[in-house]
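Adding 527 to a residue's 1-based position in the sequence shown gives its number in our numbering. Note that the Cβ used here is the ideal one computed from N, Cα and C, for glycine as well. What you are looking at is a predicted structure, and each value in this text was computed from that prediction instead of being measured. Okay, so here's the structure we're looking at.
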Amino acid sequence: GMNFTTDKLRSLVRKWQTLIEAHVDVKTTDNYSLRMFCIGFTKRRPNQVKRTCYAQSSQVRQ
Numbered sequence: 528g529m530n531f532t533t534d535k536l537r538s539l540v541r542k543w544q545t546l547i548e549a550h551v552d553v554k555t556t557d558n559y560s561l562r563m564f565c566i567g568f569t570k571r572r573p574n575q576v577k578r579t580c581y582a583q584s585s586q587v588r589q
């Protein structure tokens with residue numbers, strides 16, 4: 528069968544969660560330029576009653 532790459536798997540939006548993405552351009556001391564990417568999802572707390580765990584837009588900064 529076919530498999531997803533790891534970056535595709537991490538970029539899939541899961542139901543009832545908020546996807547949070549960030550990127551930053553970094554210049555190292557030896558003058559290399561790097562672009563760093565980070566992907567995160569909100570997570571339900573252990574004793575949470577609600578089914579969803581969305582982040583408010585004010586909590587997610589661009």
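Which residue from Cys565, Gln544, Thr556 puts its Cα closest to that of Thr533? Residue 533 sits at position 6 when you count from the first residue of the sequence shown. Among Cys565, Gln544, Thr556, the Cα nearest to that of Thr533 belongs to Cys565.
At the level of alpha carbons, what is the spacing between His550 and Gln544? Position 23 of the sequence shown holds residue 550. Position 17 of the sequence shown holds residue 544. Taking the straight line from one Cα to the other gives about 20 angstroms.
Rounded to whole angstroms, what is the Cα-Cα separation between Cys580 and Thr569? Reading the sequence shown from its first residue, position 53 is the one you call residue 580. Reading the sequence shown from its first residue, position 42 is the one you call residue 569. Cα-Cα distance, rounded: 6 angstroms.
Closer than 8 angstroms to a non-hydrogen atom of the ligand FAD - does that hold for the CB of Arg537? Because no ligand of any kind appears in the structure shown, any question about the ligand FAD cannot be addressed here.
Enumerate, from N- to C-terminal direction, the unbroken alpha helix (DSSP H) stretches of 4 or more residues contained entirely within the stretch 531 to 575. Listed in chain order, the alpha helix (DSSP H) elements of length 4 or more contained wholly in the stretch 531 to 575 are 533 to 538.
I think Val540 touches Leu546, with their Cβ atoms under 8 angstroms apart; what is that distance to the nearest whole Å? Taking the first residue of the sequence shown as 1, we reach residue 540 at position 13. Taking the first residue of the sequence shown as 1, we reach residue 546 at position 19. Their Cβ separation, rounded to whole angstroms, is 5 angstroms, which keeps Val540 and Leu546 in contact under 8 angstroms.
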